[in-house]
Amino acid sequence: MRTALKRFGPLGLAGLALALFLAGCNLEGVAGFSPNNDRVAIVTKIGDNYSLYTTDANGGSPTLIETTIAAGFDVTFDPLGTKLLYVSAGTVCTQSVSGGGKSCPVTLPGSMSGGFLTFLPNGDYILVYQSGGKWQMEVYQPGQAAPYKTETNVDQFFLTSDAFKVKRGSNGVEWYVAQYDKPGGQQNLRWVIIRGSAASMYNAAGSLEGPTALPREINSAVQTALADRNSSDITSGVISPDGTKMAFRTRTGTDPNFSYGLYVLDLNSTSGSFTNLVSNANFRVQFAFSPTGQELVYESNDAGRSVWLASADGSNPRKLSDNASLPDWQ
Numbered sequence: 097m098r099t100a101l102k103r104f105g106p107l108g109l110a111g112l113a114l115a116l117f118l119a120g121c122n123l124e125g126v127a128g129f130s131p132n133n134d135r136v137a138i139v140t141k142i143g144d145n146y147s148l149y150t151t152d153a154n155g156g157s158p159t160l161i162e163t164t165i166a167a168g169f170d171v172t173f174d175p176l177g178t179k180l181l182y183v184s185a186g187t188v189c190t191q192s193v194s195g196g197g198k199s200c201p202v203t204l205p206g207s208m209s210g211g212f213l214t215f216l217p218n219g220d221y222i223l224v225y226q227s228g229g230k231w232q233m234e235v236y237q238p239g240q241a242a243p244y245k246t247e248t249n250v251d252q253f254f255l256t257s258d259a260f261k262v263k264r265g266s267n268g269v270e271w272y273v274a275q276y277d278k279p280g281g282q283q284n285l286r287w288v289i290i291r292g293s294a295a296s297m298y299n300a301a302g303s304l305e306g307p308t309a310l311p312r313e314i315n316s317a318v319q320t321a322l323a324d325r326n327s328s329d330i331t332s333g334v335i336s337p338d339g340t341k342m343a344f345r346t347r348t349g350t351d352p353n354f355s356y357g358l359y360v361l362d363l364n365s366t367s368g369s370f371t372n373l374v375s376n377a378n379f380r381v382q383f384a385f386s387p388t389g390q391e392l393v394y395e396s397n398d399a400g401r402s403v404w405l406a407s408a409d410g411s412n413p414r415k416l417s418d419n420a421s422l423p424d425w426q
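First residue of the sequence shown? That's 97 in my numbering, and the numbers climb one at a time after it.
In structure tokens, the structure reads:
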């Protein structure tokens with residue numbers, strides 16, 4: 097059920113429909129427009145440091161926002177386009193898009209790796225990172241030093257498949273947060289966490305909803321397969337837009353001789369399909385759920401390299417084309 101926006105009113109989701117967010121890994125040269133299209137944010141690299149600038153809509157009147165942007169997290173506009181959210185010098189910061197009003201109340205632990213950082217539609221923000229091989233999830237109100245929602249010791253973290261886009265030319269391991277209000281229908285930002293045998297879902301349509309326990313038990317067979325997921329690569333596992341299916345890529349072996357697999361699981365059932373669609377591929381398998389969440393398109397190593405289509409739970413797989421790659425939904 098969709099709820100009203102808690103802080104930003106009806107402009108919040110409409111703004112996100114226009115927002116283009118910045119990169120999540122290698123930030124250099126990536127630009128993003130504010131939700132109302134009046135400011136542009138650009139990240140540049142000088143030496144070993146990333147700097148964040150904003151300009152007017154025509155690229156003029158540059159304003160330096162920050163000189164020490166952490167490359168392992170996103171830089172995003174808030175839903176009204178008035179503030180930027182980023183990580184600098186081990187802290188989570190917000191600042192006006194025209195400079196000034198900098199606030200960095202959240203200090204990150206030293207033993208952690210980059211992850212996911214973005215505003216939610218209501219103006220709060222979510223921070224997800226890895227520490228000690230586990231995921232930590234925190235949800236904050238801007239300006240607050242303590243989160244109001246926390247999940248610790250999480251084994252696996254999955255975003256909806258339409259929450260990000262993989263960067264071309266990056267071998268798939270770099271990505272940026274994408275707008276999730278799509279033409280023809282609102283796609284809410286959803287994520288699933290797995291801890292042991294339990295799976296739970298969060299939904300951000302207006303105010304934060306969750307965690308909602310999912311019916312599916314993550315049994316020992318699924319956990320064994322998930323152990324081979326490259327979990328530090330957030331694109332290696334996603335849930336469908338409706339939150340009912342989960343697909344994940346595995347990786348075994350050593351560089352450059354990795355071997356990849358692809359699995360899909362129905363989260364909305366206590367039984368049913370746990371399907372291994374691809375095994376022992378010598379390339380990094382790409383996959384994507386359809387906007388309705390009813391189908392999954394994916395690469396396979398059948399006959400060299402091919403593209404297949406299956407139902408979202410992995411049933412009814414059929415080949416679309418030989419000698420093809422990089423499937424996606426438009």
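Note that CB positions come from ideal geometry on N, CA and C, so glycine has one too.
Where residue i falls: helix, strand or coil (DSSP)
{"i": "Val202", "result": "strand"}
{"i": "Leu322", "result": "helix"}
{"i": "Ser332", "result": "helix"}
{"i": "Ala317", "result": "helix"}
{"i": "Ser407", "result": "strand"}
{"i": "Gly309", "result": "Reading off the sequence, residue 309 comes out as Ala, not Gly. Three-state DSSP puts Ala309 in a strand."}
{"i": "Ser194", "result": "coil"}
{"i": "Asp258", "result": "helix"}
{"i": "Leu176", "result": "coil"}
{"i": "Trp231", "result": "strand"}
{"i": "Thr340", "result": "coil"}
Separation of residue j from residue i, as counted between CA atoms
{"i": "Gly410", "j": "Asn133", "result": "40 Å"}
{"i": "Val288", "j": "Met233", "result": "11 Å"}
{"i": "Asn299", "j": "Lys341", "result": "15 Å"}
{"i": "Gly125", "j": "Asn378", "result": "Residue confidence is low: Gly125 scores 47 on pLDDT, short of 50, so the model does not pin down where it sits. No coordinate-derived value is stated."}
{"i": "Arg380", "j": "Ser421", "result": "11 Å"}
{"i": "Ser316", "j": "Phe370", "result": "12 Å"}
{"i": "Ser130", "j": "Thr348", "result": "40 Å"}
{"i": "Gly197", "j": "Ala241", "result": "16 Å"}
{"i": "Ala408", "j": "Gly333", "result": "14 Å"}
{"i": "Leu148", "j": "Phe215", "result": "17 Å"}
{"i": "Glu313", "j": "Tyr146", "result": "43 Å"}
{"i": "Pro175", "j": "Asp424", "result": "27 Å"}
Residue range of the unbroken beta strand (DSSP E) whose run includes residue i
{"i": "Asp455", "result": "Lying outside 97 to 426, the shown extent of the chain, residue 455 is not represented and no answer is given."}
{"i": "Thr246", "result": "245-250"}
{"i": "Leu213", "result": "209-215"}
{"i": "Phe383", "result": "383-385"}
{"i": "Arg380", "result": "Careful: Arg380 lies outside any beta strand (DSSP E) and carries neither H nor E."}
{"i": "Gln226", "result": "221-227"}
{"i": "Ser396", "result": "391-396"}
{"i": "Gly357", "result": "355-362"}
Other residues of its chain near residue i: CB distance less than 8 Å, five sequence neighbours each side excluded
{"i": "Lys230", "result": "Thr248, Asn249, Val250, Asp251"}
{"i": "Glu391", "result": "Phe385, Leu405, Ala406, Ser407, Ala408"}
{"i": "Gly206", "result": "Gly186"}
Cut-off 7 Å between Cβ atoms - residues of its own chain near residue i, not counting five sequence neighbours on either side
{"i": "Asn372", "result": "Gly357, Tyr359"}
{"i": "Gly280", "result": "Residue placement at Gly280 cannot be trusted, given a pLDDT of 37 that sits under 50; what the coordinates show is reported in the next sentence. Result list for Gly280: empty, nothing under 7 Å."}
Beta carbon proximity, residue i to chain D, threshold 8 Å
{"i": "Gly400", "result": "No chain D appears in this structure, which consists of one protein chain only."}
Presumed contact (8 Å Cβ cut-off) between residue i and residue j, rounded CB distance
{"i": "Asn376", "j": "Asn397", "result": "7 Å"}
{"i": "Val202", "j": "Tyr236", "result": "7 Å"}
{"i": "Val193", "j": "Thr150", "result": "5 Å"}
{"i": "Gly389", "j": "Pro337", "result": "5 Å"}
{"i": "Leu204", "j": "Val188", "result": "7 Å"}
Own chain residues within Cβ distance below 6 Å of residue i, not counting five before or after
{"i": "Gly210", "result": "Gly168, Phe169"}
{"i": "Arg401", "result": "Ser421"}
{"i": "Gly292", "result": "none"}
{"i": "Ser335", "result": "In the sequence on display, residue 335 carries Ile and not Ser. Contacts found: Phe254, Thr256, Val288, Met342."}
{"i": "Thr190", "result": "Lys179, Leu181, Ser199, Pro238"}
{"i": "Lys415", "result": "Ser402, Trp404"}
{"i": "Met97", "result": "With a pLDDT of only 28 at Met97, under the threshold of 50, the placement of this residue in the model should not be trusted; the figure read from the coordinates follows. Correct list: empty, nothing qualifies."}
Residue i: CB within 7 Å of a non-hydrogen atom of the ligand SAM
{"i": "Thr388", "result": "As presented, the structure is devoid of all ligands, the ligand SAM included, so that no description of it is given."}
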